[in-house]
Every structure is written in structure tokens, then in C-alpha cells.
RNA sequence: GCCCUGGUGGUGUAGGGGCUAUCAUGUGGGCCUGUCGAGCCCACGACUCGGGUUCAAAUCCCGGCCAGGGCGCCA
């Protein structure tokens, strides 16, 4: 039998319960983390959003009825405890609650599918199957508190610079952008696709008075990649700025990244400690490494990389051994960058594209874009694509498209940098990968 | 998609032709008034599925499914 909540309400969270508290009567609500029944005294550990408080029930100090109620509790049951705060040198944190009344709000089946106290670790697959329980672990929910703070920081940073938040469609008609595989879906009587990137939409905004925009939204890629760095659904932080070139948006990006790291370091101290992370705020500007120099560096490490190739995994790893923080790779060959990337006027074989790396991990790529209609058509054809299928996009370039630049930053990959997660799945509540579609 | 490795109680594991299938944690019960990875006692609970080899398969072989790692793919 469970109790109803009635007019009980939480007065404090665990982290607010301090030995020196001057309001001795409190109501805490949470889960039973541990039970230590010593016979004449029972210790309950009550866990809530970011802390654990010891509830101490000595048989001499609580009623016999309450004592039996406490004795019958099971791990992970949901309870509300009303009691008095007691300073106690023997208690964890020097403070404990002597209970007066307890509500059992809900029970938990036993045994649990994994151990929230982390005495026995569980594999990622087991954890993701029971993600709701996994997320009760402080080491797991800390990742999402940090991710949330990072996104908050990014929004504040961009809003302060008068960026406008936009929302572009995720249901799209065309698979003709080339490159990555798309997820096909049924759109009434037609076929449609899940959007792989807001790229073309945010560029079209450059031809409007919404000429500094950002979007934080999911992107979908139907690649069969099966690695620790790839997801089939991810969050992209996309930015596009008119009347700007790649240098402007690189400055914007590095300041945004450094600012987010500083902000997380300041506001998520406890979560970072839990994860054993000691974040260094990188100095700006970040180093710029020319693509041609990257090729030389990688080859000097004994990894074969030809000029004109995209970075292989081995090349990224070799680079990561040389560069130990954030850095840009610039002046990429036009050949291996998308059609909308602006080639260098003097040497069109080189483009105004850049990647932002953290050690061996690519976290962002961006560029100055092609804003000239005829050049864009030429570039689309050059990539073996049909300009006709880009009509609605290309039209925006015929009626006054300013020069512009932008980038997309992978929210999960950036979160990996902030939390030390080795597997990108750790940074998504319910990851979608090659095999996983539930929960 | 390719390569490698694996699948043993709820969880994490040991074992690797014949064992009562190991250990920890857990769960259920008992003892214990200062635990804090509490302790002690008792009990419970497992060999991924299908086929094959063999007197005998959790163990060897083949196939499926699932998972982990590496790579590729990732405009």
C-alpha cells in the first residue's frame, strides 16, 4: 500500500541540508538509495536530484509504528520524509534527519536491472536498456547537467550578440544534397526524408533581414557507422552570419567554445569533480593549422596521408598526439569540401573551409559560403549534382545574397570534450545508433 | 558493410569435454543502537538460440541472433 502525496511538499533538497541550518524541520522527497538496518537503529540514505541525506532512525527516538514502516522500506522506493535536522559528527556531511513521519509514495520492483549505487558496474548496453535507472547515478546525470549548462551558455552568448534563433524543417523533400545517406519516410502519398543539416535553410536566411541566425536542433544521418563518435540522431548547433567571412565566424566559434568551457567550469564544479574532470579554459585565438601542414605532420608520425585526402581515423589520431587542445584546420582542398564552400579567388583548389578539432576529435566544421549564384551552380555541377533540384535554394542567390559564413558544432561531441566521455552515447539520454531504436 | 572478440544467476564475473558450475554484488529471511562499499549467519538465483560431433557439450564445430572493440562510410 502506498500513500498519496496529500498536502506534503518538499521544503529542501539534500544539498540544502546543512549542520548549521536554522529551520530544523524539513521535508525531503526522493528515492531510497541504501538501507543499513543495525537492529536498534536504521540508517536510510535518501537520494534526490543532486545529493544524498542520511535519515537516522534510532528505535528509542521514533515511534514503534514508524520504526516498522522504515524497516519495511526497499531500495529505490519513493518516499517523503518529514523530520528534524540534527547536527551529528558521525553522520556523512555532519548532518542527519531524525524522521517524524514518512510517506511511501511508490515502491520499486526487486531486484533492480542495474545497481544505482555503482558497487557493481553495468555495461553500456544494459545501462541504455534501463536508462531511467542509469540516470539516477550521479556520475551519469552529471553529464546531462553539464550538457544543459553548455547549451545555456551557447544561447546566452549568441543572444548577447543579437543572433536570432530559428527553426528549420526536419521533414525535407530532397535527397539531392549528396553525401550522407538520409532516412526515408512516408509523407502522405510522397517520399520524404529526415533532415541531415539545416545548411541550405540557414543560408537562405542570409538573404533576409534575419542575417545572423542560429539553430540548436536534431540532425539525422542514415550512415551505418558504428563507432564511439557517431550517432544517427545528433544535436547540431548551427550558426550563419551575413556580411562575414570564415575568419569572422572562426573568431565567433572559438570565443563561444572558450566561453562555454569557462561557464561550465564555474557552474558545474561539483559535476566535473564527480566525473574527475579538470577543465582548462583554452586560450584564444586557437592555433590555426594549414591543411597542407596537417598532411606533413601526419606523415611525420608515420601515418600515410596524401594531399587531397580527407583525414583518416589514423590521421586524426596522429594529429591528436601532436595537438593536445583545441585547434583549427584551415585551407582545405575544395575537392573534399561541399559545393557551398567558397573557393579561394586566387587559387580555387583551396577553399575557405575550416574544421575545429579537439585533439583527435572533429567537433565543428564551417566555411565562408559561395554567395554568387553562377559559381554555386558551377560548384553543384562539379560535385555531380543536378542544379535543378536546388531551384528553391538557388533562387535566394538571385535576388541579393550577401557574402556569408557559418559553422555547425556537434553538441554531443562538444559535450564529450567537457565531460571526458569516451563514448558519444554517454552524452545522449536515449541514443540512436546503428542498432538501437529503443528506448 | 568489413575485420576481431565475446554472450554463464537481476548486475558484473571465474571456469572452458564428465564439477553439486566460481566469486562479488543483489534479492528474501535472521542477528546486531552509529552505519557510511556496514558486519555476521541462512537461503534464492545462471551456462544466447538452433543444428552437429561425442558414451558425455556451458566447454569443440557450423549457422542465426545479440553485444563490445577496430576500420570504412560520414555533402
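In our numbering, the protein residues as written are 9 to 447. From the three backbone atoms N, C-alpha and C, an ideal C-beta is built for every residue, glycine too.
- Query: Among 60, 84, 212, which one has its Cα closest to the Cα of residue 522?
  - Reply: Since the displayed the chain opens at 9 and closes at 447, residue 522 lies outside it and no answer follows.
- Query: Which parts of the region 290-341 are runs of the beta strand (DSSP E), unbroken and 3 residues or longer, counting only runs that do not cross its ends?
  - Reply: 296-298, 334-338
- Item | Integer-rounded CB distance, given that residue 416 should sit under 8 Å from residue 244 | Counting from one through the first chain, the residue named residue 244 turns up at place 236. Counting from one through the first chain, the residue named residue 416 turns up at place 408. Contact flag correct, Cβ pair sits at about 5 Å.
- Item | Beta-carbon separation (whole angstroms), residue 211 vs residue 248, contact threshold 8 Å | As a working note, residue 211 is residue 203 in the first chain. As a working note, residue 248 is residue 240 in the first chain. So it is a contact: roughly 6 Å between Cβ atoms.
- Message: Rounded to whole angstroms, what is the Cα-Cα separation between residue 250 and residue 220?
- Response: By one-based count along the first chain, residue 250 stands at place 242. By one-based count along the first chain, residue 220 stands at place 212. Rounded to whole angstroms, residue 250 to residue 220 spans 6 Å at the Cα level.
- Query: Taking contact to mean at least 3 C-beta pairs separated by less than 8 Å, is the region 324-333 in contact with the region 363-370?
  - Reply: yes
- Task: For residue 115, collect the residues of the same chain with a Cβ closer than 6 Å to its Cβ; drop the 5 residues on either side in sequence, then sort them by chain order.
- Result: Indexing the first chain from 1 puts residue 115 at position 107. Cβ neighbours of residue 115 beyond the five flanking positions: 85.
- Task: Go to residue 446, then tell me how far its alpha helix (DSSP H) extends in each direction, as first and last residue.
- Result: Along the first chain, read from residue 1 onward, the residue named residue 446 stands at position 438. That residue, residue 446, is in no alpha helix (DSSP H); it is neither H nor E in DSSP.
- Opposite residue 59 in the DSSP bridges: which residues? Sequence index remark: in the first chain, residue 59 carries index 51 (1-based). DSSP output for residue 59 lists 56 as bridge partner(s).
- Message: Let me make sure I understand the geometry here. Which of 388, 112, 241, 404 has the alpha-carbon closest to that of residue 88?
- Response: Here the question's residue 88 lines up with position 80 in the first chain. The shortest C-alpha separation from residue 88 is found at 112.
- Message: What does the Cβ neighbour count give for residue 410, buried or exposed, with the cut at 16 atoms within 10 Å?
- Response: Here residue 410 refers to the residue found at position 402 of the first chain. That one is exposed.
- Message: Beta-carbon within less than 6 Å of residue 404's beta-carbon, same chain only, minus the 5 sequence neighbours each way: which residues are those?
- Response: Translated into the one-based positions of the first chain, residue 404 becomes position 396. Once the five neighbours on either side are set aside, the close Cβ partners of residue 404 are 212, 215.
- Message: Going by the DSSP bridge assignment, what does residue 234 pair with across the sheet?
- Response: As a position in the first chain, residue 234 is number 226, starting the count at 1. DSSP lists no partner for residue 234.
- Item | Outcome for residue 240 when other beta-carbon atoms lying within 10 angstroms are tallied against a minimum of 16 | Taking the first residue of the first chain as 1, we reach residue 240 at position 232. With 16 or more other Cβ atoms within 10 Å, it is buried.
- Item | Nearest neighbour of residue 42, chosen from 127, 290, 199 [CA to CA] | Here residue 42 corresponds to residue number 34 of the first chain, with the count starting at 1. Considering only alpha carbons, the answer is 127.
- Contacts around residue 434, its chain only, beta-carbon distance under 7 Å, and the 5 residues preceding and following it disregarded: Stepping through the first chain from its first residue, residue 434 is reached at position 426. For residue 434, where only same-chain residues beyond five positions count, the Cβ hits under 7 Å are 151.
- Can you tell me the Cβ-Cβ gap for residue 135 and residue 39, rounded? I've got them flagged as a contact below 8 Å. Within the first chain, residue 135 is the residue found at index 127, counting from 1. Within the first chain, residue 39 is the residue found at index 31, counting from 1. Their Cβ separation, rounded to whole angstroms, is 17 Å, which puts residue 135 and residue 39 out of contact at 8 Å.
- Measure the C-alpha to C-alpha separation of residue 233 and residue 255 and round it to an integer number of angstroms. Residue numbering aside, residue 233 sits at position 225 when the first chain is read from its first letter. Residue numbering aside, residue 255 sits at position 247 when the first chain is read from its first letter. Approximately 32 Å between the Cα atoms of the pair.
- Item | Contact set for residue 361: own chain, Cβ-Cβ below 6 Å, skip 5 residues either direction | Reading the first chain from its first residue, position 353 is the one you call residue 361. Counting only Cβ-Cβ distances below 6 Å, and skipping sequence neighbours, we find 340, 345, 349, 375.
- Query: Between the Cα of residue 296 and the Cα atoms of 356, 164, 364, 45, which residue gives the shortest distance?
  - Reply: Your numbering for residue 296 matches position 288 in the first chain. Ranking 356, 164, 364, 45 by Cα distance to residue 296 puts 364 first.
- Task: Give every residue of the same chain whose Cβ lies closer than 6 Å to the Cβ of residue 290, excluding the five residues on either side of it in the sequence, and list them in chain order.
- Result: What you label residue 290 is simply residue 282 of the first chain in a count that begins at 1. Hits under 6 Å: 266, 333, 334.
- Message: Within the continuous beta strand (DSSP E) that includes residue 366, where are the two ends?
- Response: Here residue 366 is taken as the residue at index 358 of the first chain, counted from 1. Element bounds for residue 366: 361-366.
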